[in-house]
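Be aware that the sequence shown starts at 1, since it is given in the working numbering, and climbs by one per residue. For each residue, glycine too, the CB sits at the ideal point set by N, CA and C. Before any comments, here is the structure.
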Amino acid sequence: MDAPAIVSGMRLWSIHPTQLDRVALVSCWRESLLAQAVLAGETRGYTKHPQLDRFIAQPEPLAAVGSYLAAIADEADNRGYHFDRTKVRAALPHPNAALTVTDAQLTYEWMHLLAKSSARSPEWFEHIHDQQPRAHPLFAVIPGGIEPWERVTAD
């Protein structure tokens with residue numbers, strides 16, 4: 001059975017930033033900054049985007065997305081990229097595993113990332129295709145199905 005297709009739009013990866021190819025890392029940074037702006041009430045676009053639900057559910061949504069962004073920026077630093085950290089408004093004091101993600105969601109995103117990277121970044125695909133998916137440092141993995149906020153359609 002084929003996995004359902006992911007509807008395009010904002011992608012706030014649950015995958016660890018070290019496993020994202022260049023395009024996914026840069027896009028995730030931009031889209032996470034957009035999520036931060038949405039949570040701060042600075043834009044009317046994407047206010048109902050389901051991927052924001054997991055941040056909105058937190059006691060401090062801006063701090064949660066700030067911690068998410070900080071991990072993305074850390075990986076950018078490791079790769080020699082220059083992401084402007086001054087754009088991150090706030091971060092949780094202890095960002096590790098503050099949120100949860102299901103194991104099926106992580107696998108679903110991993111398959112999506114592998115498909116994307118095999119087409120746009122074959123060298124990166126060769127680097128990661130035999131790895132197991134790891135969660136972004138902000139997430140603890142729990143048993144469960146694909147997250148209810150994920151937009152999926154049949155192929």
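Nonlocal neighbours in the same chain, by C-beta distance under 7 Å from residue i, ignoring five residues either side
{"i": "Trp149", "result": "Pro50, Gln51, Asp53 and Arg54"}
{"i": "Gln105", "result": "Ser14, Ile146, Glu147 and Glu150"}
The alpha helix (DSSP H) enclosing residue i, as first and last residue numbers
{"i": "Leu25", "result": "Arg22 to Leu39"}
Whether residue i touches residue j by CB criterion (8 Å)
{"i": "His129", "j": "Ile15", "result": "no"}
{"i": "Leu12", "j": "Ser32", "result": "yes"}
One or two residues paired with residue i in a DSSP bridge
{"i": "Phe83", "result": "BP columns for Phe83 are empty, so no partner."}
{"i": "Ala99", "result": "For the record, residue 99 in the displayed sequence is Leu; it is not Ala. Its beta-bridge partners are Phe139."}
Residues of its chain near residue i, where Cβ-Cβ distance is below 8 Å and the 5 sequence neighbours each way are ignored
{"i": "Phe83", "result": "Trp29, Ile72, Ala73, Ala76 and Asp77"}
{"i": "Thr107", "result": "Pro133"}
{"i": "Val88", "result": "Gln36, Gly66, Leu69, Ala70 and Ala73"}
{"i": "Thr18", "result": "Glu75, Asn78 and Arg134"}
{"i": "Thr102", "result": "Val141, Ile142, Pro143, Gly144, Gly145, Ile146 and Glu147"}
Supposed close pair residue i, residue j - CB separation, criterion 8 Å
{"i": "Leu113", "j": "Leu34", "result": "The Cβ separation is near 20 Å, so there is no contact."}
{"i": "Ala64", "j": "Ala98", "result": "6 Å"}
{"i": "Ser118", "j": "Val23", "result": "Wrong, their Cβ atoms sit about 12 Å apart, outside the cutoff."}
Closer than 7 Å: residue i CB and nearest the ligand GTP heavy atom
{"i": "Val26", "result": "Here there are no bound small molecules, and the ligand GTP is not part of this structure."}
Same chain, Cβ closer than 6 Å to residue i, neighbours up to 5 away in sequence not counted
{"i": "Pro61", "result": "Leu39 and Phe55"}
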